[in-house]
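*Asks:* Note that the protein sequences, when read in sequence, are chains B and W. Residue numbers for the first sequence, in the UniProt record's numbering: 1 to 173. Residue numbers for the second sequence, in the UniProt record's numbering: 1 to 603.
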Amino acid sequence: MAASMAVSRGIRWLGTAAWRVTPVGARAASGLSKDMLPGPYPRTPEERAAAAKKYNMRVEDYEPYPDDGFGYGDYPKLPDHSQHERDPWYDWDHSELRLNWGEPMHFDFDMYTRNRVDTSPTPVSWNTMCKHFFGFFGFMMFMFWLGEVFPSYRPVCKQHFVYNLGFFSALGS
Amino acid sequence: MNFMLNSMILLSIVILTLPLMINLAFPHKTNHFPAYCKNAVKLAFLTSLPPLILFVYADTSHHTTWSHHTSINTLNLSMSFKLDHFSIIFIPIAFYVTWSILEFSLWYMHTDPKIHQFFKYLITFLLTMIILVSANNLFQLFIGWEGVGIMSFMLIGWWYGRSDANTAALQAVLYNRIGDIGFMLTMAWLMINNNSWDLQHIFMTNMNTLALLGLIIAATGKSAQFGLHPWLPSAMEGPTPVSALLHSSTMVVAGIFLLIRFHPMMENNNTALTTALCLGATTTLFTAMCAITQNDIKKIVAFSTSSQLGLMMVTIGLNQPHLAFLHICTHAFFKAMLFLCSGSIIHSLNNEQDIRKMGGLLHILPITSSALMTGSLALMGTPFLAGFYSKDSIIEAMNTSYINSWAMVMTLIATSLTAIYSLRIIYFALLNQPRFPPMSPINENNPNLTNPITRLALGSIFAAFILTMNIPPTSMVPMTMPPALKLTALIVTIIGLIIPMELNLLINKLPTTPMIHTDNFSNMLGYFTHLFHRMYPLANLQMGQHIATMLIDLNWYEKTGPKGQANLHNTTSSYITSTQKGLIKTYFLSFIITIPAIFAMIT
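#1: Throw me the rounded Cβ distance for the Ile-115(W) and Pro-233(W) pair, which I believe falls under 8 Å.
#2: Indicate whether residue 610(W) and Ser-152(B) have their beta-carbon atoms separated by less than 9 Å.
#3: Which runs of the beta strand (DSSP E) fall wholly inside the segment 31-119 of chain W and span at least 3 residues, in chain order?
#4: Which residues in chain W have a C-beta closer than 7 Å to the C-beta of Phe-133(B)? List them in chain order.
#5: For Ala-224(W), does the three-state DSSP call read helix, strand or coil?
#6: Whole angstroms is fine: what's the gap from Ala-281(W)'s alpha carbon to Ser-48(W)'s?
#7: Is the number of C-beta pairs between the segment 310-320 of chain W and the segment 275-290 of chain W that are closer than 8 Å three or more?
#8: Would you grab the beta carbon distance between Leu-258(W) and Leu-215(W) for me? Rounded to a whole angstrom, and I think it's under 8 Å.
#9: Taking 8 Å as the cut-off, is the CB of Tyr-153(B) close to at least one heavy atom of the ligand FAD?
#10: Using only alpha-carbon positions, find the residue among Gly-238(W), Ala-371(W) and Asp-354(W) that is nearest to Phe-333(W).
#11: Of the choices Asp-93(B), Gly-135(B) and Arg-48(B), whose alpha-carbon is the least far from that of Glu-60(B)?
#12: For Ser-574(W), count neighbouring C-beta atoms within 10 Å of its own C-beta (all shown protein chains included) and say buried if the count is 16 or more, exposed if not.
#13: Between Thr-16(B) and chain W, is the shortest Cβ-Cβ distance under 9 Å, so that the two count as touching?
#14: Which whole-angstrom value is the C-beta distance of Ser-376(W) and Ile-425(W), which I expect to be below 8 Å?
#15: Of all the CB atoms in chain W, is at least one closer than 9 Å to the CB of His-106(B)?
#16: Would you mind reading off the limits of the alpha helix (DSSP H) that contains Trp-231(W)?
#17: Taking Arg-261(W) as the query, report the chain B residues whose CB atoms sit under 8 Å from its CB, ordered along the chain.
#18: Output needed in chain order: residues of the segment 438-472 of chain W with a Cβ under 9 Å from some Cβ in chain B.
#19: Count the other CB atoms within 10 Å of the CB of Leu-505(W); is the residue buried (16 or more) or exposed (fewer)?
#20: Please report the distance separating the alpha-carbon of Ile-598(W) from that of Tyr-587(W).
#21: State the start and end residues of the unbroken alpha helix (DSSP H) segment that holds Asp-180(W).
#22: Does any residue of chain W bring its CB to less than 9 Å from the CB of Asp-118(B)?
#23: Anything in the segment 44-57 of chain B with a Cβ closer than 8 Å to a Cβ of chain W? List those residues in chain order, please.
#24: Check whether chain B comes within 9 Å of Met-520(W), counting only Cβ atoms and requiring the distance to be less than that.
#25: If you reduce the DSSP assignment to three classes, tell me which class His-94(B) lands in.
#26: Ile-471(W): which of Leu-16(W), Ser-71(W) and Phe-86(W) sits nearest, CA to CA?
#27: Please report the straight-line C-alpha distance between His-530(W) and Thr-113(B), rounded to a whole angstrom.
#28: In whole angstroms, what separates the C-alpha of Pro-51(W) from that of Thr-330(W)?
#29: Spatial neighbours of Glu-267(W) within its chain, please: C-beta separation below 7 Å, excluding the five flanking residues on both sides.
#30: Less than 9 Å between CB atoms is the rule here; does Ile-394(W) satisfy it with respect to chain B?
#31: Between the segment 384-398 of chain W and the segment 468-487 of chain W, can you find at least three pairs of beta-carbon atoms closer than 8 Å?
#32: Helix, strand or coil for Asp-296(W), going by three-state DSSP, please let me know.
#33: How far does the alpha helix (DSSP H) with Asp-392(W) in it extend, from its first residue to its last?
#34: Please tell me whether Ala-254(W) and Met-358(W) are closer than 9 Å, where the distance is taken between their beta carbons.
#35: Less than 8 Å between the CB atoms is what I'm expecting for Val-97(W) and Ser-249(W), so what's the real figure, rounded?
#36: Expressed to the nearest angstrom, what Euclidean distance is found between the alpha-carbon atoms of Thr-119(B) and Lys-222(W)?
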């Protein structure tokens with residue numbers, strides 16, 4: 001009886017001690033306080049500075065989305081570059097995401113992972129690629145239409161006329 | 001004799017299942033399993049030969065319906081096999097090519113620790129391919145269709161530690177799935193309108209354009225036609241035996257085979273035939289254009305495969321399904337051989353695939369070089385080799401038909417481009433001086449390497465002759481044509497050999513040229529992958545994000561909801577009140593009109 005009480009008291013002490021012991025400088029991802037969450041659009045320079053600090057950015061780098069009713073709030077507008085463009089050989093904290101701990105993530109980060117949209121520069125510019133490909137495709141479609149209008153076939157009469165059958169006059173000659 | 005044809009073909013299919021069952025029963029006995037698989041396929045090939053001979057000499061064909069499998073209201077499904085002209089000829093050829101590839105894999109995949117699993121996958125693939133080819137109803141065909149797609153996914157991603165291989169496997173599955181939408185559309189249409197998926201029932205009725213276009217979409221996905229083609233060059237991430245078996249001889253022809261099966265339905269529908277013709281012509285030209293500037297030997301052969309698939313689609317569009325089938329059979333031999341030769345070169349040069357780093361292999365690998373040149377000559381349609389009988393007949397049929405003239409011109413240009421890229425492989429890989437470091441010992445000592453290549457070389461030389469001489473033509477072949485039309489294929493091929501040689505000599509004397517747009521267009525595969533693999537995901541994901549997060553809030557709260565209503569009221573009321581200027585004395589003047597009007601009405 002006394003032994004079981006001692007054991008249960010020891011377990012309870014262990015539980016509370018575990019809550020008390022936290023590594024120095026560590027922060028869990030859970031348990032965010034209200035001031036760590038995204039907030040409304042910053043209107044004053046002090047609010048901008050506070051927002052930049054919250055997102056771990058320099059004030060001169062921080063730029064929020066325009067306040068046009070789309071609900072971005074004070075979330076920073078980062079350049080639209082995907083993770084493909086980041087250095088593959090650098091020792092990132094999260095190697096598969098090519099991201100460091102604490103770094104501000106793009107609003108569409110899940111779209112810019114290495115499995116999804118790739119914005120890395122192409123040898124040929126986007127406009128040139130669109131122009132050349134759709135020009136080729138359009139040209140082919142036009143020429144196929146022209147080929148339907150002027151098909152190729154073996155001649156069927158002794159004298160073959162293009163614009164009319166010429167059957168009866170040809171048979172006579 | 002029917003029972004012998006029937007039982008021997010079905011026996012050859014059952015022989016294929018034996019290695020799989022042995023592996024299921026004794027999963028740890030893997031030492032001799034690869035050789036056992038190869039011997040099983042060899043035995044299956046020999047078992048399938050008597051039915052072929054019976055068919056050739058006695059014209060026996062058979063449909064076997066086994067069990068009444070399922071009934072859904074009035075739709076009956078059963079397991080049935082159609083052993084006709086197409087399946088009886090294709091099955092031995094598939095077994096022959098697979099036997100050679102499995103023997104080659106004993107050498108190529110020798111150091112792979114999971115070689116037994118590799119062979120198991122290849123046998124499973126072959127089984128599903130035979131199910132597809134011999135199916136007498138669309139449901140069974142679809143089982144085979146999906147089966148080959150899944151095995152393709154597993155084999156392309158064989159080296160799954162490599163992210164490019166995983167991406168390529170996923171790409172193959174997704175593009176095939178887009179094509180499957182067309183297949184399901186046709187199946188649904190047939191279920192609703194014909195109440196049957198049996199080919200015999202379908203051929204007695206009519207199919208409308210929508211159903212046939214569904215089949216063409218399915219063939220576009222499976223046979224890598226233009227629009228759904230990028231998966232085929234990406235599929236070269238898989239091991240070379242996989243490329244040789246799946247992505248040149250058997251799986252990629254499944255789409256064309258489907259259209260050949262449905263040829264009685266297509267021959268009266270001009271829209272479907274024109275679509276097939278134009279699609280095939282675009283594919284054959286586009287992929288041949290991409291092939292001429294590639295530097296990876298396997299990619300060149302992959303684009304060559306895609307170009308020949310386009311040519312088969314053109315033949316379907318010409319309403320010549322038997323010629324398309326003949327080309328499938330001959331193409332299987334020389335294309336598989338080209339891949340095996342590429343594999344031999346790649347392994348000998350310690351996994352080097354860039355043709356700019358090869359050279360001088362003519363003397364070092366004599367059997368491989370001879371086979372490579374034979375295969376390239378067969379591909380180009382050199383007279384009296386395998387490719388000649390099918391390709392030349394196709395070009396003749398095209399020249400003497402009532403046909404879209406641009407499709408004809410495109411196909412002839414693609415034929416000359418075939419000569420260009422074949423010459424490119426031979427020139428860079430076999431001729432001149434070696435451009436690779438002489439580190440690894442290069443030899444052809446292993447019979448597992450030389451025997452399959454020799455066997456396929458014999459097939460590339462004699463197979464088409466044997467087929468054409470023994471099987472009478474099913475439709476009237478064009479008999480009379482001017483010499484120029486008869487020799488068109490040969491002339492176009494020779495032009496395709498001479499012009500690039502001249503251009504090469506010319507360009508070697510010029511200083512380095514700046515960026516050339518056509519070279520970029522060809523090398524980057526027409527920019528198709530760069531454009532569409534970025535546009536579609538971006539548009540879909542952004543639209544999804546905006547709909548999910550902003551549209552709801554923005555639309556329902558601000559545009560149509562309370563804020564929107566408030567704005568609407570504000571603007572309309574401010575507009576209306578702006579017209580009220582408070583000029584009461586002026587408004588009273590309106591009584592000048594109304595009071596006389598009332599008097600006029602009273603009197």
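Ideal Cβ positions, reconstructed from N, Cα and C, are used throughout, including at glycine. In this text, all values refer to a predicted model and were calculated from it rather than measured experimentally.
*Replies:* The relevant details are as follows:
#1: On the second sequence, position 115 is the one that residue 115(W) refers to. On the second sequence, position 233 is the one that residue 233(W) refers to. No, Ile-115(W) and Pro-233(W) are not in contact; Cβ-Cβ is about 26 Å, not under 8 Å.
#2: The shown model of chain W, from 1 to 603, leaves out residue 610(W), and the question about it has no answer.
#3: 62-72 and 75-83
#4: Working through the first sequence from its first residue, we reach residue 133(B) at position 133. Result: Gly-526, Tyr-527, Phe-528 and Leu-531.
#5: Reading the second sequence from its first residue, position 224 is the one you call residue 224(W). The answer is coil: DSSP assigns Ala-224(W) none of H, G, I, E or B.
#6: Residue numbering aside, residue 281(W) sits at position 281 when the second sequence is read from its first letter. Residue numbering aside, residue 48(W) sits at position 48 when the second sequence is read from its first letter. Cα to Cα, the separation comes out at about 35 Å.
#7: yes
#8: Here residue 258(W) corresponds to residue number 258 of the second sequence, with the count starting at 1. Here residue 215(W) corresponds to residue number 215 of the second sequence, with the count starting at 1. So it is a contact: roughly 6 Å between Cβ atoms.
#9: This structure does not include the ligand FAD; it has no bound ligands of any sort.
#10: Residue numbering aside, residue 333(W) sits at position 333 when the second sequence is read from its first letter. Selected option, being the one with the closest Cα: Ala-371(W).
#11: Mapped onto the first sequence, residue 60(B) falls at position 60. Here the closest residue by C-alpha is Arg-48(B).
#12: Here residue 574(W) refers to the residue found at position 574 of the second sequence. By the 10 Å Cβ count, Ser-574(W) comes out exposed.
#13: Within the first sequence, residue 16(B) is the residue found at index 16, counting from 1. Thr-16(B) does not count as touching chain W.
#14: Against the second sequence, residue 376(W) aligns to sequence position 376. Against the second sequence, residue 425(W) aligns to sequence position 425. Contact holds; Cβ gap of about 7 Å.
#15: In the first sequence, residue 106(B) corresponds to position 106, counting from 1. No, because no Cβ of chain W sits closer than 9 Å to the Cβ of His-106(B).
#16: To locate residue 231(W), count along the second sequence from 1; it is residue 231. Taken as a continuous stretch (DSSP letters only), the alpha helix (DSSP H) holding Trp-231(W) covers 231-234.
#17: As a first step, residue 261(W) is located in the second sequence; it is residue number 261 there, counting from the start. Neighbours of Arg-261(W) on chain B: none; closest Cβ ~26 Å, over 8 Å.
#18: none
#19: The residue labelled residue 505(W) in the question sits at position 505 within the second sequence. The residue is exposed, with fewer than 16 neighbouring Cβ atoms inside 10 Å.
#20: The sequence position of residue 598(W) within the second sequence is 598, counting from 1. The sequence position of residue 587(W) within the second sequence is 587, counting from 1. Straight-line Cα distance between these residues: approximately 18 Å.
#21: On the second sequence, residue 180(W) is found 180 positions in, with the first residue counted as 1. Note, Asp-180(W): alpha helix (DSSP H), 163-193.
#22: In the first sequence, the residue the question calls residue 118(B) occupies position 118. Chain W contact via Cβ: present.
#23: none
#24: Here the question's residue 520(W) lines up with position 520 in the second sequence. In the sequence as displayed, the identity of residue 520(W) is Asn instead of Met. Judged by the 9 Å Cβ criterion, Asn-520(W) is in contact with chain B.
#25: Stepping through the first sequence from its first residue, residue 94(B) is reached at position 94. Of the three classes helix, strand and coil, the one that applies to His-94(B) here is strand, per DSSP.
#26: Position 471 of the second sequence, counted from the start, is the residue given in the question as residue 471(W). Ile-471(W) has its Cα closest to that of Phe-86(W), out of Leu-16(W), Ser-71(W) and Phe-86(W).
#27: As a position in the second sequence, residue 530(W) is number 530, starting the count at 1. As a position in the first sequence, residue 113(B) is number 113, starting the count at 1. Straight-line Cα distance between these residues: approximately 17 Å.
#28: As a first step, residue 51(W) is located in the second sequence; it is residue number 51 there, counting from the start. As a first step, residue 330(W) is located in the second sequence; it is residue number 330 there, counting from the start. Answer to the nearest angstrom: the Cα atoms are 20 Å apart.
#29: Taking the first residue of the second sequence as position 1, residue 267(W) is located at position 267. Once the five neighbours on either side are set aside, the close Cβ partners of Glu-267(W) are Asn-319.
#30: Stepping through the second sequence from its first residue, residue 394(W) is reached at position 394. No, its Cβ sits nowhere closer than 9 Å to a Cβ of chain B.
#31: yes
#32: As a working note, residue 296(W) is residue 296 in the second sequence. Correct three-state label for Asp-296(W): strand.
#33: Here residue 392(W) is taken as the residue at index 392 of the second sequence, counted from 1. Here the alpha helix (DSSP H) through Asp-392(W) covers 386-399.
#34: The residue labelled residue 254(W) in the question sits at position 254 within the second sequence. The residue labelled residue 358(W) in the question sits at position 358 within the second sequence. Taking 9 Å as the Cβ cut-off, Ala-254(W) and Met-358(W) do not qualify as a contacting pair.
#35: Here the question's residue 97(W) lines up with position 97 in the second sequence. Here the question's residue 249(W) lines up with position 249 in the second sequence. Yes, Val-97(W) and Ser-249(W) are in contact; Cβ-Cβ is about 5 Å, under 8 Å.
#36: Residue mapping note: residue 119(B) aligns to position 119 of the first sequence, counting from 1. Residue mapping note: residue 222(W) aligns to position 222 of the second sequence, counting from 1. Going by the C-alpha atoms only, they are around 29 Å apart.
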